[in-house]
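**Q** Structure provided below as structure tokens; questions to follow.
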Amino acid sequence: MSKRKAKDAHLPIGECISQVHQILRKRFCHQQLPVKPEGVEAQHKHLAELLKRTAVHGESNSVLIVGPRGAGKTMLLRSVLRELSQETEVQKNLLQVHLNGLLQTDDRIALKEITRQLQLENVVGDKVFGSFAENLTFLLDALKKGDRSSSRPVLFVLDEFDLFAQHKNQTLLYNLFDVSQSAQAPVAVVGLTCRLDVLELLEKRVKSRFSHRQMYLLSKLTFPQYLERIRDQLSLPDDFPDGKFAQEWNAAVTTLCEDKSAEEVLQRHFNSSTDFRSLHMLLMLCLSRVSVARPSITPTDLLDASRFCLADANANMLHGLSILELCLIIAMKHLNDVYEGEPFNLQMVHNEFKKFLQRKSNSMYNFEQPIIMKAFEHLQQLELIRPADGASAKTQREFQLMRLMLDHSQIMEALQKYPQCPTDVKQWATSAFA
Amino acid sequence: RMKYFTRLRVKRIYEWRGAPIGFNRKLKTSEYGSLSIRVEGLPQTTVISAGQHILIEGDDDNNPYVARVLRLFADGRFQEPDKKAVVQWFVRVSEVPPSKLQLLGRVPHPQEVFLYEGRSCEDEVNAESVLRPVQVRHLDVAAPFPVSEDGDTFYVKLSWDSRTFRPVDPSLLAAVMRGAMATPASSRKPGAEAESLHSLTKLSASKCLSAKRRSATQRTPGVRKKLQLSSESSLLVFINQEVKPANRSSLCPQRTNRKPGRRDDVPLTPRSARRRESQSEMDSPPAGDDPSRVRAMRHQNKISGHLVTVENFSSEAGAAGSLSPGSLRGRGDSGPQNQRRPLTFSVFPAEPAAGGRRSRLGRNRDEEEEENGALRVSRRKSALKVSSRIRKQLNLLDGRLSSDEDEEEEEFVPSRKELQSSDEEEDDEGEEEDEELAAKKSRRSSSSHTKQKTRTPRKTPRKAGPITPRRHRHATPSIPNRAQPARRPGNILEEARARLHVSAVPESLPCREQEFQDIYSFVESKVLDGTGGCMYVSGVPGTGKTATVQEVMRCLQHAAEQDEIPPFVFIQINGMKMTDPHQAYAQILQKLTGQKATADHAAALLEKRFSNPASRKETTVLLVDELDLLWTRKQNVMYNLFDWPTRRHARLVVLAIANTMDLPERILINRVASRLGLTRMSFQPYSFKQLQQIVTSRLNKLKAFEDDALQLVSRKVAALSGDARRCLDICRRATEICERSAAGLVGMSHVMQALDEMFSSPYVAAIRSASTQEQLFLRAVIAEFRRLGLEEATFQQVLVQHQALCRVEGLQPVGVSEGLAVCRRLGACRLLLLEPSRLGVLQRLWLNVSQDDVLFALKAD
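Chains A and B are the protein sequences, given in the same order.
So the first sequence is numbered by UniProt numbering: it starts at 1 and just counts up by one.
So the second sequence is numbered by UniProt numbering: it starts at 1 and just counts up by one.
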């Protein structure tokens, strides 16, 4: 009844817009879990069964979830854990330890974190006591003491699993997998990684102890499915306070997805990557343009957002350069053309620039050597050029060999857009002969 | 129940009655007819004469030992002659292990005793341990027990030889007595040390009786007594011959400490060696056939081992034995404040009271703190110094000690109070408390010598901030228990899965019979000969190396329990389970003695332990898993591990396990490889038939797999690696797939799917699922490689190709940033190998997959 009441309620438009922002931002930024797994049902079932067996039967397991970035590995694990946490038998028994290869950069830190999260006896408050060796033996003893039927199973989640393989001797991995393969406290080791060659990283003893269960999250999404998901992501839920607004919004989203130009933009994104993070980025940019004055997402918003996303960072940087610096860049481009990518130094660039001045320039004048030098250093600071090799420290500034970090297409693009660029400079850039 | 006074409280005076009946010139012993006992301050005198039954002071005041005096004599080799008695032992019901009591077939009478016929028991006691005479009446086996009128009458029906009960023949009793009389010197031991002690002899007897009881019951008086006495006696050996038995109870720690130099006039040969000699003199059965004696000797060895350590490190106050309840060890602590302690409380059986209190403390730590708020200040002060939080809490229990403790840690001077408290053991409660105290002490001493010795006690308490509790050194690490019990396997497939799990311990290890036999006979021969040796076991992972060795050790330990071979200690370390190769020393030491020490210190201790001729008579078997991880640049860890077995007295057998067959040749320097020796064994990867057999034997007639399916798995695994773990994992996965498809039996299709999941390369699938631009980029990479004729290109070069390909495909050409993003995504999942990304467009890239795979994957679209 309250629902119907809510549906009938009419909120002021500003209120509605802020509600829309709130709901959609939560989806895009906070990685809200979807209601049910999409596209990964099989893996979801497999993982849920596996973890349930560990929790209920005390069976030790190890599994790796492999998939490219943004494929939904963490989401899969989290939704499985959410599902399991609703079962009391699992929830009461399972202990969880979450590690991340980017945070626990060596085994010492990882061990402290494990003992801290397990709340073992050497943990007081938030501090873990004992040396590295003591902690290791302590943890191993603790796990060894347990047995299949009586101790609580422990779930180890190793995010960025491949980084753990770089720890010294892979001690942590060896021990975790060894526990999972021997009659000790039941553990489930779940590794998340984006590296397809992760098994090759494991040392042979570690590899032998790993159960070789791997789940690949490789999306097999088609473009219509992709569009469908975008629509889902943008649509407002049924329980939105203002029913009429929600209807209008959802209708607008549907028309957006059917719009030809919008579809083109999305197709381009889909071609580039099917990963959801980049999509969320795009939609986020669109959403931020929604206001009371423009209460829906239009195809032009999408186009602008896409342009923003795909913009070339370096080409944008070129817009901020002075004419002199731009000229130096062009001179470098010519040098690159002539010498086929060989490195150059300041003197060569300066000579090239002087040739241009002598031959063609009407608008440009010669500059003093120190000014050229200054411009050159500025370019280096912007990392548009970088020293060719490490041995350059000894040589004089003017003769230090440099490489251009820009592609020709970037230079040409920047020149096109450069405000009030002198025509002769443009011509010089396009001419095949310097 | 009756209560007997301990010698600590009551001073008894022992005097010979009458002139000696005989004198042995050779041994300088004079026989006496009777002995009078008088308690100081009391008028009555008790007279003990040969043939009488007596109570001999034991550890448990309520149950002193029962014996019959055979003869009385004075050992005249000293200024003040020693009073001795030769006795025939009787065994009380409580001294018989409960498991053996079942042999009796009836409920034993509380006042029942058994004639002890085990031969390993020393029958000479110090006469001053005699408490008073009792009545022992012989009853016929069939006769009923009379209604007991007083506690001083015991009844004998049966004899006990530590294995069986037999009816007592009264003539036998007499014969025993006569025999003892006829050969008075036969049981004498050459050394003087044992004779200065009372009831040491009971040691072996009650030792065997209580070996099992110890684990079952908590407070085992017999054990306590025995250990206490033996450690006391051993200590005394080292201290001084002149310490007179009469004033032994007044022996004060200061004195023992002051005279360490005088111990060199005492022969340092371990008593156990002599014991053995004397015993084989006395009765010469083969060494292995008497379990009680062997065990007793092992026990003694342990004690003397400790004592040697004590002697060597008498400056360090920390040679404490482990307090683990399961293992029985005497503690031969040194250091003045500990000197006294082991004499009185030497054993720590698993005490439910103390243990319970400890765990309770762990839980209600904060509450306790609140309660003891008044003591907080001193506690805080000590907490900074003591090494464990729990221990601190124990100290809080009796706050009076905390101040003493501080004092003690500053200098190792025993406080008066403590000596007092050690004398205060009056009743059970007091004893318990004292034991706790001793436990604390040992911990303190061990920690103080490892860590806190250098610390200046003045500074630490002043440190600002919260209490810094240290980890409880003897905390029992554990994972909390489940809230609900684990579910049992419900159907055949679940059962099969449980059996196929690598962790399931199989009843036997099929297909490794030969290796098992070889290792078994190697270790067995070393244990039997009492020599040392090394064996190197190699094999690829998952071929059962560790499992086989552990199985061998299980069998050997079983054999040792059955007294087929001498007892030995088995410890194992794993190169992967330590943070640094040098930690190996610390781990070995801890597993061997329970001591905690730094790696360097542990190395020194082990070095002494293995090179000291008088340390132990027990073989140590050391399993070193993942040997290659112990490699250091100087290889001194490996050198020591292989050098110790070559020492004459070490009796150390080292079994080293690693993966590579030629490890000794490859990474070991000559002197290490030479010590490792040539006893090598290599485990071949399993053949498909063996793998099949392994799975079949694990399933143990459980019909869960089709034969063909099993064969497929084993053939596949044998072809790939021969790793049994892999084989089991695949089978396990296959049962899961089967379960989901709702088939009853695991068939070919399930196994195929499992194999596919585990062994198929993900690259092709990954390329197929990649986005259009990523696929184009890979194509561009191949095109560029072909153009350059190299397997390497810069991003810039590939980008040109990519843009061209985009145009061909009718797509909008990608920009540099977008192209780089595509390239990095491919790099992240390692389809491409990239140079660091700071190189931007100049970074070079390589394919991580073969070109054919890429083309194959892309063509199938």
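Where is the CB? At the ideal position from N, CA and C, for every residue including glycine.
Computed from a predicted model, the values in this text were never measured in an experiment.
Can you name the start and end residues of the alpha helix (DSSP H) that Gln801 of chain B belongs to?
**A** Looking at the DSSP string, the run of the alpha helix (DSSP H) that includes Gln801 of chain B is Phe795 to Glu809.
**Q** Return the chain-ordered list of same chain residues with a C-beta closer than 8 Å to the C-beta of Val40 of chain A, the five sequence neighbours on each side being excluded.
**A** So the list reads Gly72, Leu76 and Leu217, once near-sequence residues are dropped.
**Q** Name, going along the chain, the residues of the stretch 173-185 of chain A whose beta-carbon falls closer than 7 Å to a beta-carbon of chain B.
**A** Against chain B - using a Cβ distance shorter than 7 Å - the residues of the stretch 173-185 of chain A are Tyr174, Asn175, Gln181, Ser182, Ala183 and Ala185.
**Q** Identify whether Ser150 of chain A lies in helix, strand or coil by the three-state DSSP scheme.
**A** The answer is coil: DSSP assigns Ser150 of chain A none of H, G, I, E or B.
**Q** Between the stretch 196-208 of chain A and the stretch 822-832 of chain B, do at least 3 Cβ pairs fall closer than 8 Å?
**A** They touch, by the three-pair rule.
**Q** Would you kindly work out how many angstroms separate the C-alpha atoms of Ser199 of chain B and Tyr65 of chain B, rounded to a whole number?
**A** Unreliable positioning characterises Ser199 of chain B in this predicted model, as indicated by a pLDDT of 40, which lies under 50. A coordinate reading is not provided.
**Q** For chain A, check one thing: does any of its Cβ atoms lie closer than 8 Å to the Cβ of Glu626 of chain B?
**A** Yes, its Cβ sits closer than 8 Å to a Cβ of chain A.
**Q** Assuming Arg277 of chain A and Gly70 of chain A form a contact by the criterion Cβ under 8 Å, report the distance between their Cβ atoms to the nearest whole angstrom.
**A** Going by Cβ atoms, the distance from Arg277 of chain A to Gly70 of chain A rounds to 4 Å, so yes, they are a contact pair.
**Q** Leaving out five residues before and five after Glu203 of chain A in sequence, what residues of the same chain have Cβ atoms less than 6 Å from its Cβ?
**A** Cβ within range, chain order: Gln170.
**Q** Is the CB of Leu192 of chain A under 8 Å away from at least one CB in chain B?
**A** Judged by the 8 Å Cβ criterion, Leu192 of chain A is not in contact with chain B.
**Q** Listing by chain order, which chain A residues have their CB less than 7 Å from the CB of Glu818 of chain B?
**A** Here the neighbours are Ser272 and Leu310.
**Q** Please tell me whether Asn640 of chain B and Ala603 of chain B are closer than 8 Å, where the distance is taken between their beta carbons.
**A** A contact, by the Cβ cut-off of 8 Å.
**Q** List the residues of chain B that Asp197 of chain A touches, going by C-beta distances under 8 Å, in chain order.
**A** Within chain B, the residues near Asp197 of chain A are Arg830 and Asn848.
**Q** Which chain A residues are close to Ser503 of chain B, counting only those with a beta carbon under 7 Å from its beta carbon?
**A** Ser60, Gln181, Ser182 and Ala183, listed in chain order.
**Q** Distance, Cα to Cα, Gly575 of chain B vs Val637 of chain B?
**A** Rounded to the nearest angstrom, the two C-alpha atoms are 11 Å apart.
**Q** When the cut-off is 8 Å and only beta carbons count, does Arg4 of chain A lie next to chain B?
**A** Residue placement at Arg4 of chain A is flagged as unreliable, the pLDDT there being 46, under the threshold of 50; the coordinate-derived value follows with that caveat. So no, Arg4 of chain A is outside the interface.
**Q** Pick out the complete alpha helix (DSSP H) segments inside the stretch 170-253 of chain A, 4 residues or longer, and give them in chain order.
**A** 171-180, 198-201, 204-209 and 223-234, all fully within the stretch 170-253 of chain A.
**Q** Taking all protein chains shown into account, decide if His558 of chain B is buried (16 or more other Cβ within 10 angstroms of its Cβ) or exposed.
**A** Counting Cβ neighbours within 10 Å, His558 of chain B comes out exposed, since fewer than 16 surround it.
**Q** So, are the CB atoms of Val190 of chain A and Val157 of chain A less than 8 Å apart?
**A** Result yes, Cβ atoms of Val190 of chain A and Val157 of chain A sit closer than 8 Å.
**Q** Can a CB atom of chain A be found closer than 8 Å to the CB of Arg380 of chain B?
**A** No answer about Arg380 of chain B holds up, because its pLDDT of 44 lies below 50 and its placement is not dependable.
**Q** Any beta carbon from chain A within less than 8 Å of Ser741 of chain B's own beta carbon?
**A** It does not; no Cβ of chain A falls within 8 Å.
**Q** Note down, in chain order, all residues in the stretch 563-582 of chain B with a beta-carbon under 9 Å from any beta-carbon belonging to chain A.
**A** Those residues of the stretch 563-582 of chain B that come within reach of chain A (Cβ to Cβ, closer than 9 Å) are Asn574, Gly575, Met576, Lys577, Met578, Thr579 and Asp580.
**Q** Mind pulling the chain B residues with CB within less than 7 Å of His212 of chain A?
**A** Chain B residues near His212 of chain A: Arg726, Asp729 and Met758.
**Q** Indicate whether the contact test is met: 3 or more Cβ pairs, each with one atom in the stretch 757-764 of chain B and one in the stretch 244-264 of chain A, closer than 8 Å.
**A** Verdict: no, contact absent.
**Q** Going by DSSP in three states, Arg92 of chain B sits in which element: helix, strand or coil?
**A** Arg92 of chain B falls in the strand class under three-state DSSP.
**Q** Beta-carbon within less than 6 Å of Ser261 of chain A's beta-carbon, same chain only, minus the 5 sequence neighbours each way: which residues are those?
**A** Excluding residues within five positions, the ones whose Cβ falls inside 6 Å are Pro299.
**Q** State yes or no: is the beta carbon of Val66 of chain A nearer than 8 Å to at least one beta carbon in chain B?
**A** Chain B contact via Cβ: present.
**Q** As a quick exercise: from B:Ser34, B:Leu712 and B:Leu655, pick the residue whose alpha carbon is nearest that of Ile571 of chain B.
**A** Considering only alpha carbons, the answer is B:Leu655.
**Q** Counting along the chain, where does the alpha helix (DSSP H) carrying Lys144 of chain A start and finish?
**A** Per DSSP, Lys144 of chain A belongs to the alpha helix (DSSP H) from Phe132 to Lys145.
**Q** Would Val841 of chain B pass as an interface residue toward chain A - the criterion being a Cβ-Cβ separation below 8 Å?
**A** True, the Cβ-Cβ gap to chain A drops below 8 Å.
**Q** Is the separation between the beta-carbon of Arg733 of chain B and that of Ala754 of chain B shorter than 8 Å?
**A** Against a cut-off of 8 Å, the Cβ pair of Ala754 of chain B and Arg733 of chain B comes out as a contact.
**Q** Does the pairing of the stretch 409-428 of chain A with the stretch 315-328 of chain A give three or more beta-carbon distances under 8 Å?
**A** Output reads yes: the stretch 315-328 of chain A touches the stretch 409-428 of chain A.
**Q** Taking buried to mean at least 16 other C-beta atoms within 10 Å of its own C-beta, is Val66 of chain A buried or exposed?
**A** Flag for Val66 of chain A reads buried.
**Q** Taking Cβ-Cβ distances shorter than 9 Å, what residues in chain A pair up with Asn491 of chain B?
**A** Within chain A, no residue comes near Asn491 of chain B; the closest Cβ sits about 12 Å away, beyond 9 Å.
**Q** At 4 residues or longer, and completely inside the stretch 685-728 of chain B: list those alpha helix (DSSP H) runs for me, N to C.
**A** Taking only runs of at least 4 residues, the alpha helix (DSSP H) segments lying wholly in the stretch 685-728 of chain B are 688-699 and 707-720.
**Q** Could you spell out where the beta strand (DSSP E) holding Pro510 of chain B opens and where it closes?
**A** No beta strand (DSSP E) holds Pro510 of chain B; DSSP gives it neither H nor E.
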